[in-house]
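Below is one structure, written out as structure tokens; the observations come after it.
Chains as they are written, first to last, in my numbering: chain A, 1 to 184; chain F, 185 to 366.
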């Protein structure tokens, strides 16, 4: 090169550069946060851990039991939610109607989890679930928060291998989006 | 040292055992043949077989997407008109996230009924739920037939040699019958 040195930043420029550096630093931290939140590794872990529940031929019985427990627990914590499940006979949890419904909820979870590695299709599926819940009067956002808590607690008991941080980092966003079209 | 009579007795015993085994084997064969005649029924054992084969075929993650896409390609190859039912979910672009999410929803519905094939009451309940969901859509019977042909075409590709066509044939009919309501 011609030997021209890069101009040394003048005293006037220094605060500006400092601001740029701070901004860049903030961006780096934010990207790291997003990256950590439901990262590719988190998604892979969730899929791997969830698979265990579905391996066995008779696992549908376990899934129904698990789904039923979750719904009963959520409605115990949020009594206003109970009436929403009267059509599927929540008052008689042993009824086939409630068994089938418990299975549907577990199956929706399964669909979402298996789509974790296809972001665009996952968004579409979650959006559709949001629509399905938005048309049901009386569904509240807080029910989904409770559902998440009960689900994580339940999973930590049925899965020997359960990475709570990975599950929470992905499901907070997913449950938030499913509840995203609700009024209350 | 064994005496000759003992040796003879032992041999006789083992020959008898062999004979018993042969007789049992023959009964098992005849039973098998007879059972073959009944294989067009989706009975308890057939349901278990379908369930376990489904778990393998249905797979997970991207493999599941590929499985679903293959089934739908085979459906539209037989019944191109069926595409009109899927306009809202962007069937014209089968790789679109809308279409993928949709076909996975349908497969998930099939997954529910197959996994509860061995729980009669719950199965009945789910089939009537699916019947209600399909009732208003006026799906012609030949679309269900196309679905069956497509599924029975793609399944062996997923499962290799270990799949039982008759079992699927009969259990799919039971499911389709429940969804159609006739």
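Quick reminder that beta carbons are idealized off the backbone N, C-alpha and C, glycines included.
Asked                                                                                                              : Found
N-terminal and C-terminal residue of the alpha helix (DSSP H) that residue 145 of chain A is part of               : 141-158
Residue 86 of chain A versus residue 311 of chain F - alpha carbon distance                                        : 19 Å
Three-state secondary structure assigned by DSSP to residue 355 of chain F                                         : helix
Three-state class that DSSP yields for residue 286 of chain F in the structure shown                               : helix
Coarse secondary structure for residue 365 of chain F, derived from DSSP in three states                           : coil
Test: residue 272 of chain F CB closer than 8 Å to a CB of chain A                                                 : no
Listed by chain order, chain F residues near residue 132 of chain A by CB distance under 7 Å                       : Within 7 Å Cβ-Cβ: nothing; residue 132 of chain A doesn't reach chain F, min ~10 Å.
Minimum C-alpha distance to residue 69 of chain A - residue among A:149, A:184, A:161 and A:17                     : A:149
Continuous alpha helix (DSSP H) stretch holding residue 197 of chain A: start and end                              : What the structure shows of chain A is the stretch from 1 to 184, and residue 197 of chain A is not part of that stretch, so it cannot be assessed.
Boundaries of the alpha helix (DSSP H) in which residue 47 of chain A is found, first to last residue              : 40-51
Straight-line gap, residue 338 of chain F to residue 140 of chain A (C-alpha atoms, nearest Å)                     : 42 Å
First and last residue of the uninterrupted alpha helix (DSSP H) at residue 126 of chain A                         : 119-134
Terminal residues of the alpha helix (DSSP H) in which residue 167 of chain A lies                                 : 164-178
Residue-level contact to chain F via CB, residue 104 of chain A, 8 Å cutoff                                        : yes
Limits of the unbroken alpha helix (DSSP H) element including residue 257 of chain F                               : 245-262
Interface flag, residue 275 of chain F vs chain A, CB-CB below 8 Å                                                 : no
Neighbouring residues, chain A, relative to residue 295 of chain F (Cβ below 8 Å)                                  : 107 and 110
Nearest neighbour of residue 235 of chain F, chosen from F:356, F:366, F:334 and F:287 [CA to CA]                  : F:356
Per-residue burial, residue 320 of chain F [other beta carbons within 10 Å of its own, 16 or more giving buried]   : exposed
C-beta neighbour in chain A for residue 239 of chain F, strict 8 Å                                                 : yes
First through last residue of the alpha helix (DSSP H) which encompasses residue 314 of chain F                    : 304-319
Span of the alpha helix (DSSP H) around residue 300 of chain F                                                     : It is not in any alpha helix (DSSP H) - residue 300 of chain F carries neither H nor E in the DSSP assignment.
Neighbour list for residue 39 of chain A in chain F, Cβ cutoff strictly below 8 Å                                  : None at all; the shortest Cβ gap to chain F is about 16 Å.
Interface positions of the stretch 140-168 of chain A facing chain F (Cβ-Cβ less than 8 Å), listed along the chain : none
Contact with chain F by residue 47 of chain A, beta-carbon distance below 8 Å                                      : yes
is_contact[residue 342 of chain F, chain B] using C-beta, thresh 8 Å                                               : Included in the structure are the protein chains A and F, with no chain B among them.
Residue 363 of chain F at chain A interface by Cβ criterion, 8 Å                                                   : no
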